[in-house]
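Trainee: Numbering (our numbering), first residue to last: 830 to 965.
1) At which residues does the alpha helix (DSSP H) containing residue 877 begin and terminate?
2) Taking the C-alpha atoms as reference points, what is the distance between residue 903 and residue 942?
3) With which residues is residue 916 paired in a DSSP beta bridge?
4) Looking only at its own chain, which residues have a Cβ that is under 8 Å from the Cβ of residue 905, when we skip the five neighbours before and after it?
5) Measuring only the C-alpha atoms, how far is residue 900 from residue 961?
6) Can you tell me which of the three DSSP states residue 1054 falls into?
7) Measure the CB-CB distance between residue 920 and residue 938 and report whether it falls below 8 Å.
8) On the premise that residue 922 lies in contact with residue 894, defined as a C-beta separation below 8 Å, what is that separation, rounded to the nearest angstrom?
9) Whose CA, out of 874, 885 and 925, lies closest to the CA of residue 916?
10) Give the range of the alpha helix (DSSP H) segment to which residue 939 is assigned.
11) Around the C-beta of residue 912, are 16 or more other C-beta atoms found within 10 angstroms, so that it is buried, or is it exposed?
12) Near residue 874, which residues of its chain fall below 7 Å by C-beta distance, leaving aside the five closest residues on each side in sequence?
Below is the structure:
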């Protein structure tokens, strides 16, 4: 959908869950430039609070290593809540280890982006997930 200026607009926001403010701001700015509304949370607990308060994102970009509630604990909570379980997750992490990779595979996420993030790939994945809503 466009807003009349050839800029793509999206109906539902992206929820960006990232504890490092500089990464959060850079990724949010990139997503907003591409036409996404972005809601942010600095950890998994804050993200769950937003979701349970009624936020309905088209996708969640989820860091793994965060204080308070990390991405693994967030995903467990999200999957256990029927109202939230089907929101797709794109993991965005710098924790590239064999153990982390195995744990991410078990999370059943839509995609994984390793830091430093390739913004073109991130935008493509978000658009792909957004366009597939309701088709499964």
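Glycine residues also receive a C-beta, built at the ideal position from the N, C-alpha and C atoms.
None of these values were measured; they are calculated from a predicted model.
Mentor: In this structure, then:
1) First-last of the alpha helix (DSSP H) with residue 877: 873–881.
2) When the Cα atoms are used, residue 903 and residue 942 turn out to be separated by approximately 17 Å.
3) Residue 916 is not bridged to any residue.
4) none
5) 23 Å
6) Outside the modelled stretch of the chain, which goes from 830 to 965, sits residue 1054, for which no answer is possible.
7) yes
8) Between residue 894 and residue 922, the beta carbon gap of about 7 Å places them in contact (Cβ cut-off 8 Å).
9) 885
10) Note, residue 939: premise wrong, no alpha helix (DSSP H); not H, not E.
11) exposed
12) Correct list, in chain order: 897 and 898.
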